[in-house]
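Chains as they are written, first to last, in the numbering used here: chain A, 375 to 736; chain B, 57 to 460; chain C, 391 to 679.
Each remark here refers to the structure printed beneath this line.
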Amino acid sequence: MKTSPASAARLAPAATWWRSLSRLAPWLGWGVLGVLVLLAALGPLYLSAFDLVLAFTLFNYMTMAQSWNLLGGYGGQFSLGHSLFVGAGSYTIAVLLLHSGLPLLLDLVLSGLLAAALATLAALLLMRLREAYFSIGSLGLAMAALTWMLNWSFTGATSGLNLPPAATLDYSTLYYLALGLLVATTLTIVLLVRSPFGLRLMAIRDDQEAAAELGVNSFPVKLVTFAISAFFVGLAGGLIALNKLEIEPDSAFSMNWVITMIIITIIGGIATSTGPLLGAVVFFTLQQVLQNSQALSSLLTGLLLILIIRLAPEGLWPLALKLGRRLGEALVSRLDRSGSTTTATALAAEEAVRGRSTLSDG
Amino acid sequence: MSTVCKAARSLFLMAMLALSMVACGGTGGSSNQTIVIGATLPLTGALAAVGVLLKAGYQAAVDDINAAGGLEVNGQKYHVNLVILDNTSDPNTASNQATTLYLQNNAVALLGPFTPPLVIPVSQVAERVKRPLISTTAPIEAWLSARPSGWQYAWDVFFDEKQQTSMSFQVANMVKTNKRVALFTDNEEDGVTMGKLWTEEAPQFGYTIAYRAIFPVGTTNFSSQIAAAKAANAEVLITQMTPPDAMALWKQMKALGYHPTIAESEKGSSTTTWMQALGNVGEGALIANFWSRSFNYPGSQELAARAQKAGIKATIEQAGYIMGYSITQVLFDAIKRAGSTDPEAINRAIGQTNKTYPVGPIHFGSNHADPVQAIMLQWQNGETVQVYPPVSGVSLEAPAKGLA
Amino acid sequence: MVLYHLIDGFFLGGLYVTIALGLTLVFGVMNTVNLAQGEVLIGSAYLTYTLASLTHLDPLLCLLLVAPIMFVIGYLVQRLLLNPLIPRGQETLLVATFGLLLVAETLFGLIYGNNTLSLSASYTLTGVTIFGDTVRTIYVIALVAALFLVVGTHLLLTYLPLGKAIRAAAEDPGAAASIGINVPLVYGITFGLAAAISAVGGTLIGLSFGFGPTTGSSWLLRSFTVIVLGGMGSLWGTLLGGLLIGVLEEVAASIVGPQFRDLIVFAFLVIVLIVRPEGFFGQRVGVAK
């Protein structure tokens with residue numbers, strides 16, 4: 375932000391236009407956000423039952439990827455064990471509905487809390503581990519949990535549990551629950567990573583020793599992050615069980631859940647808060663469009679993953695931002711040139727634009 | 057402020073994507089002249105081998121009715137559109153796809169997938185959307201226990217496990233053994249249910265469970281268990297396990313020199329891959345089924361010939377094809393009887409089914425299940441032949457040839 | 391009976407060594423956790439299957455051709471995909487090898503179908519009597535192969551110039567490059583070598599058990615347990631880890647019941663990681679990074 379009012383006055387018209395646009399952008403974005411939330415909130419009025427189911431699944435993908443991203447992206451703890459929390463959430467709500475007689479919403483919250491409690495335990499065990507050791511350890515825990523559930527007769531072992539038919543919710547209720555969870559998850563995570571807590575988390579991720587020298591104690595930070603991440607995943611697991619009405623270990627604790635979270639986050643952009651949302655849309659669209667040829671679908675997903683990690687490892691969302699900025703810059707410099715201004719002004723304009731963009735980047 | 061800016065700006069692209077999704081999301085739906093039925097089947101993944109047989113059976117029945125000018129409902133002929141999706145043998149996908157078929161493709165009814173882990177979640181979807189589903193391959197007790205309050209829209213045509221497990225001992229009675237049984241089951245739901253039943257029934261037939269092994273799906277090394285079965289001197293071997301595990305077990309029994317007189321391989325030997333993977337070692341394995349060439353129900357021999365032409369050669373595989381064909385016909389008859397495409401009316405009409413189909417007579421009980429008669433087949437010379445109830449010209453080979 | 395579990399587990403452990411060795415090499419030298427190790431194994435089994443059905447040669451003989459093919463594939467994967475990602479850290483490599491896993495799994499299904507296949511040879515159906523108990527001949531072959539592979543790799547790393555280059559690159563890629571070692575090339579060769587070794591493991595899996603497009607992941611988990619126990623990246627640790635896991639699995643399964651076999655293995659994996667992340671035996675091939 376080094377443009378003084380005096381230098382701004384000398385800018386070419388195009389650059390001024392671009393600058394005012396980028397100044398307006400946040401407000402534009404807020405407008406769009408408002409419209410989107412309104413549109414989503416009114417969903418059941420104009421969406422068919424099937425659209426509601428689609429949206430329900432999409433919202434859950436977004437929630438789970440967003441939560442994984444908190445630990446895996448912002449926290450740098452590449453968990454391969456998050457399926458554990460989906461399963462824990464699903465089973466908690468099923469057990470409570472069958473045995474407790476508590477109201478459904480409370481059951482749902484408890485399913486998130488149990489997942490968080492499990493995550494705290496897991497964190498106590500695993501947090502000493504770094505990098506690949508943590509990944510393998512979390513995978514081992516999740517697999518151990520799966521094999522335990524396959525043998526635990528209280529939860530029906532391999533046959534699993536069937537929710538009481540009375541727990542059947544209609545599609546618009548499920549839709550609102552998933553939407554509410556998504557909004558809550560996203561808000562929590564967006565605020566969290568921009569708080570001092572989030573800064574500490576990222577400092578630990580980037581260099582744990584350096585952070586320790588600055589007096590940041592990594593353990594509680596990681597522990598809380600793990601618990602929050604698992605809490606939201608557990609809630610999503612509870613919702614999934616409410617939709618499916620029938621759960622068994624192999625699908626509730628399926629490795630596919632964590633795989634999906636990772637794919638979505640990587641495609642969209644790891645350690646960004648919009649990335650998982652965008653990634654979920656891309657992944658889900660691919661899945662739906664190729665419903666008829668599953669082989670092609672997973673082949674393309676795999677190739678997309680390899681391409682992205684090789685060519686744009688930061689993911690699609692940062693890539694889109696970068697491209698957008700380049701485009702803007704190119705436009706500005708071309709318009710400026712045609713308006714026969716000096717290169718110096720164009721450069722100044724570019725500088726201004728870049729300063730602005732980097733500020734709202736990250 | 058920058059937080060806010062970023063979050064807000066981020067949403068712009070999301071909005072564009074959401075809009076494009078809405079724009080692209082085609083609407084399924086059916087014209088006046090078309091009636092849609094659907095199926096989510098395991099066409100890839102672990103259960104694919106049988107998924108493709110059911111698909112062929114469903115498709116053949118639909119092709120036949122369309123060739124005959126369509127399905128006649130209340131004086132009007134409807135073209136039948138069968139929509140099949142591949143659930144990759146994954147229960148979560150099967151559940152999602154069933155929802156898609158009912159709500160997006162507007163299917164009036166669904167035909168079932170394969171085995172309880174897939175049939176049960178799809179049945180739950182049927183109950184949720186209140187449209188009918190006719191399934192097979194889900195053993196009745198396991199299927200019924202998944203919804204203690206009773207199924208309203210889901211129907212099942214398959215064995216009753218109790219009759220099937222009793223049959224194992226009736227077959228063993230056909231030859232002389234020491235009546236000591238080694239029982240191997242995996243911990244999947246059918247393995248658990250049937251393992252329990254075999255254990256309960258054995259004493260009633262004068263058999264002892266001399267050794268019992270339970271293990272997770274995907275177990276590879278069975279040396280210890282085989283040694284134990286050998287040490288227990290068990291001459292009757294009963295197994296209920298997935299094809300890969302069963303094949304591993306058979307190879308290892310051969311290598312370690314365990315020679316049971318009777319060797320039953322439920323689930324494991326249910327397709328020709330059994331013989332392809334094991335060669336001669338697979339000979340003599342027993343497996344329960346619901347149809348064989350000795351059955352002369354109307355149309356069944358013709359269907360078997362058609363299946364043969366389509367490359368489905370073993371009797372046990374043709375049975376899957378014929379079952380698929382038959383339950384599709386059950387659905388067609390119900391739609392005709394209902395005189396409308398209203399799912400409620402169709403559901404009621406399914407309950408009134410009482411007719412002999414190529415696979416045999418079908419008539420549902422008040423619990424929505426139709427138990428079919430189980431028979432025992434044996435792999436002999438690369439083909440499955442009926443050995444129980446006994447038919448002329450075929451005899452039970454014992455001791456099991458491949459393991460001898 | 392306990393003796394039997396010990397003996398059987400010991401020989402089975404030999405098989406585990408052959409499947410985990412490739413993972414050890416790749417982790418020890420490149421600091422890469424190869425999530426596609428299961429697919430390297432199963433892919434080799436498929437290749438052997440194709441070759442054996444075309445030529446009717448013995449599957450183990452087919453390895454003479456399959457191992458070089460796997461070497462080339464491994465070399466190319468490392469040079470074209472993984473090398474450029476190394477500076478970006480371990481997570482990036484996890485994702486990349488995970489992408490390979492997805493693609494390979496799908497390709498197997500498309501090419502070979504979904505049925506379980508198995509490799510046949512006369513010695514898969516025979517047993518050998520050891521201390522009065524019968525052990526499968528193929529397990530004995532696997533243990534011999536494991537010993538050969540571990541000793542062979544050790545000799546290569548210790549005495550050959552290539553081995554010295556590999557160790558130098560593993561210890562400090564920057565320093566290695568400064569004394570004229572072509573580090574990207576050495577990495578490529580190492581991954582190729584790991585893939586060729588895994589070809590032996592994969593073919594042994596195909597002979598001993600069966601395999602399908604999605605069997606790879608369960609072998610990946612077994613391999614993880616082996617190398618975690620042995621100390622990730624340690625050659626001799628892998629040998630001891632493999633044998634120990636084999637014995638542990640069999641003995642534990644006989645005590646608490648085979649249905650808990652996987653639970654024991656995974657719990658053991660986690661416990662070892664927590665108690666002693668560096669494993670119990672030996673040290674890494676080199677300390678990468």
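Quick reminder that beta carbons are idealized off the backbone N, C-alpha and C, glycines included.
The model shown is predicted, which means the values in this text are computed figures rather than measured ones.
Within 7 Å of any Cβ in chain A, is that where the Cβ of residue i sits?
{"i": "residue 160/B", "result": "yes"}
{"i": "residue 481/C", "result": "yes"}
{"i": "residue 551/C", "result": "no"}
{"i": "residue 100/B", "result": "yes"}
{"i": "residue 86/B", "result": "Low per-residue confidence applies at residue 86/B: pLDDT is 40, beneath 50, and the placement is therefore not dependable, though the value from the model is reported in the following sentence. It does not: the Cβ of residue 86/B has no partner Cβ on chain A nearer than 7 Å."}
{"i": "residue 151/B", "result": "yes"}
{"i": "residue 97/B", "result": "no"}
{"i": "residue 422/B", "result": "no"}
{"i": "residue 584/C", "result": "no"}
{"i": "residue 295/B", "result": "no"}
{"i": "residue 79/B", "result": "Only weak support exists for where residue 79/B lies, its pLDDT of 42 falling under 50; the coordinates are left without a value."}
{"i": "residue 142/B", "result": "yes"}
Using a cut-off of 7 Å between C-beta atoms, extract the partners of residue i located in chain B.
{"i": "residue 427/A", "result": "155 and 159"}
{"i": "residue 532/A", "result": "243, 244, 245 and 248"}
For residue i and chain C, any beta-carbon pair shorter than 7 Å?
{"i": "residue 522/A", "result": "yes"}
{"i": "residue 300/B", "result": "yes"}
{"i": "residue 517/A", "result": "yes"}
{"i": "residue 401/B", "result": "no"}
{"i": "residue 457/B", "result": "no"}
Could you tell me whether the Cβ of residue i comes closer than 7 Å to any Cβ of chain B?
{"i": "residue 719/A", "result": "Residue placement at residue 719/A cannot be trusted, given a pLDDT of 46 that sits under 50; what the coordinates show is reported in the next sentence. False, the Cβ-Cβ gap to chain B never drops below 7 Å."}
{"i": "residue 714/A", "result": "Any reading at residue 714/A must be qualified, since the residue scores a pLDDT of 49, below 50, and its modelled position is unreliable; the value itself is stated next. False, the Cβ-Cβ gap to chain B never drops below 7 Å."}
{"i": "residue 621/C", "result": "no"}
{"i": "residue 394/A", "result": "no"}
Would you say residue i and residue j are within 7 Å of each other, going by their C-beta atoms?
{"i": "residue 137/B", "j": "residue 90/B", "result": "yes"}
{"i": "residue 449/A", "j": "residue 574/A", "result": "no"}
{"i": "residue 687/A", "j": "residue 439/A", "result": "no"}
{"i": "residue 663/C", "j": "residue 521/A", "result": "no"}
{"i": "residue 428/B", "j": "residue 438/B", "result": "no"}
{"i": "residue 239/B", "j": "residue 210/B", "result": "no"}
{"i": "residue 347/B", "j": "residue 370/B", "result": "no"}
{"i": "residue 129/B", "j": "residue 94/B", "result": "no"}
{"i": "residue 465/C", "j": "residue 578/C", "result": "yes"}
{"i": "residue 422/C", "j": "residue 416/C", "result": "yes"}
Just checking residue i against the ligand SAH - is the residue's beta carbon closer than 6 Å to any of the ligand's heavy atoms?
{"i": "residue 414/C", "result": "Ligands in the displayed structure: none, and consequently the ligand SAH is not present."}
Name, in chain order, the residues that DSSP records as bridge partners for residue i.
{"i": "residue 522/A", "result": "For residue 522/A, which the question treats as bridged, DSSP gives no partner whatsoever."}
{"i": "residue 134/B", "result": "127/B"}
{"i": "residue 411/B", "result": "418/B"}
{"i": "residue 621/A", "result": "535/A"}
{"i": "residue 406/B", "result": "DSSP, once it has assigned bridges, lists no residue as partnering residue 406/B."}
{"i": "residue 267/B", "result": "238/B"}
What in chain B is Cβ-close to residue i, meaning under 9 Å?
{"i": "residue 648/C", "result": "269, 270, 271, 272, 275, 278, 280 and 281"}
Which chain C residues sit within Cβ distance under 7 Å of residue i?
{"i": "residue 304/B", "result": "599 and 600"}
{"i": "residue 452/A", "result": "481 and 484"}
{"i": "residue 312/B", "result": "517, 524 and 526"}
Using a cut-off of 9 Å between C-beta atoms, extract the partners of residue i located in chain C.
{"i": "residue 583/A", "result": "By Cβ distance, chain C contributes nothing, its closest Cβ being about 15 Å from residue 583/A, past 9 Å."}
Please compile the residues from chain A whose C-beta is within a distance smaller than 8 Å of the C-beta of residue i.
{"i": "residue 478/C", "result": "687"}
Residues in the region 172-202 of chain B with C-beta within 9 Å of chain A's C-beta atoms, listed in sequence order? The residues in question are 172, 173, 176, 177, 179, 180, 181, 183, 184, 185, 198, 201 and 202.
Mind listing which residues of the region 251-271 of chain B have their C-beta closer than 9 Å to chain C's C-betas, in chain order? Of all residues in the region 251-271 of chain B, those with a C-beta nearer than 9 Å to a C-beta of chain C are 269, 270 and 271, reading in chain order.
Quick one, which residues of the region 664-688 of chain A are near chain C if we go by CB-CB under 7 Å, in chain order? Going along the region 664-688 of chain A in chain order, one finds 669, 672, 673, 675, 676, 677, 679, 680, 683, 684 and 687 with a Cβ nearer than 7 Å to chain C.
What residues in the region 224-253 of chain B bring their beta carbon closer than 7 Å to a beta carbon of chain A? Within the region 224-253 of chain B, the residues whose Cβ lies closer than 7 Å to any Cβ of chain A are, in chain order, 243, 244, 245 and 248.
Interface residues of the region 418-442 of chain C facing chain A [CB-CB below 9 Å]: Listed by position, the residues of the region 418-442 of chain C near chain A (Cβ gap below 9 Å) are 421, 422, 423 and 425.
For the region 327-354 of chain B, which residues have a CB atom closer than 7 Å to at least one CB atom of chain C, in sequence order? Taking a C-beta cut-off of 7 Å against chain C, the contacting residues of the region 327-354 of chain B are 329, 333, 335 and 337, listed in chain order.
Taking any Cβ of chain C, which residues in the region 630-645 of chain A have a Cβ under 9 Å from it, in chain order? Those would be 633, 636, 637, 640 and 644, in chain order.
Could you name the residues of the region 495-514 of chain C whose beta carbon sits closer than 9 Å to any beta carbon of chain A, in the order they occur along the chain? Per Cβ criterion, the list reads 495, 496, 497, 499 and 500.
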